[in-house]
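Q:
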Amino acid sequence: MGSTYIHTIIYIKNRTYNSIINKTLYKALTNKKPEIGYIKIIGLLAYILVLKETRKSSKLFEKGNKGILLGFKLANNFLIYIPNKNQVISTKNIIIKEDL
Numbered sequence: 032m033g034s035t036y037i038h039t040i041i042y043i044k045n046r047t048y049n050s051i052i053n054k055t056l057y058k059a060l061t062n063k064k065p066e067i068g069y070i071k072i073i074g075l076l077a078y079i080l081v082l083k084e085t086r087k088s089s090k091l092f093e094k095g096n097k098g099i100l101l102g103f104k105l106a107n108n109f110l111i112y113i114p115n116k117n118q119v120i121s122t123k124n125i126i127i128k129e130d131l
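Following my numbering, the numbering of the sequence shown begins with 32 at its first residue and continues without gaps.
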């Protein structure tokens with residue numbers, strides 16, 4: 032999990048303004064303005080949605096798994112740690128609780 036945090040720090044740092052080159056490192060490498068609207072605070076509570084196709088037919092089956100936001104993989108792809116499964120999942124299908 033430590034390498035996930037390092038990857039996230041580098042991911043955010045590459046999208047942060049650098050006064051030496053007068054742009055972000057991402058823009059210097061790709062010549063595109065980085066998208067940052069999806070970036071959230073690390074450590075927030077998140078729920079990974081279980082798609083209807085994979086969910087069991089019972090109404091009592093969980094619609095989501097509780098997790099913690101660890102970082103970002105690609106644009107709009109989040110890395111979520113699920114404590115009860117001791118697993119890190121990369122997904123777009125999440126709800127992030129920012130108001131706690």
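For every residue, glycine included, the Cβ atom is placed at its ideal position computed from N, Cα and C. Just so it is clear, the structure is predicted and the values come from calculations on it, not from any experiment.
Could you have a look at Tyr57 and say whether DSSP puts it in helix, strand or coil?
A: The answer is helix: DSSP assigns Tyr57 an H, G or I state.
Q: Which residues bound the alpha helix (DSSP H) around Tyr69?
A: Unbroken run through Tyr69: none, as it is neither H nor E.
Q: Could you name the residues of the same chain whose beta carbon sits closer than 7 Å to that of Asn49, not counting the 5 residues immediately before and after it, in chain order?
A: These residues qualify, in order along the chain: Thr55, Leu56.
Q: Quick one: residues in its chain with C-beta nearer than 6 Å to the C-beta of Arg46, no 5 flanking neighbours on either side, listed in chain order?
A: Once the five neighbours on either side are set aside, the close Cβ partners of Arg46 are Thr55, Tyr57, Pro65, Ile67.
Q: Roughly how many angstroms lie between the CA atoms of Gly33 and Ile120, to the nearest whole one?
A: Cα to Cα, Gly33 sits roughly 15 Å from Ile120.
Q: Report buried or exposed for Leu110, applying the criterion of at least 16 other Cβ atoms within 10 angstroms of its Cβ.
A: Looking at its Cβ environment, which holds 16 or more other Cβ atoms inside 10 Å, Leu110 is buried.
Q: Beta-carbon separation of Ile125 and Leu80 under 8 Å?
A: Yes, they are a contact pair.
Q: Please look up how many angstroms separate the CB atoms of Phe103 and Tyr42, rounded, as I've assumed it's under 8 Å.
A: With a Cβ gap of about 6 Å, Phe103 and Tyr42 count as contacting.
Q: Once you ignore the five residues that flank Leu39 on each side, which residues in its own chain have a CB closer than 8 Å to its CB?
A: The question names Leu, but residue 39 in the sequence shown is Thr. Cβ neighbours of Thr39 beyond the five flanking positions: Ile73, Leu101, Gly102, Phe103, Leu110.
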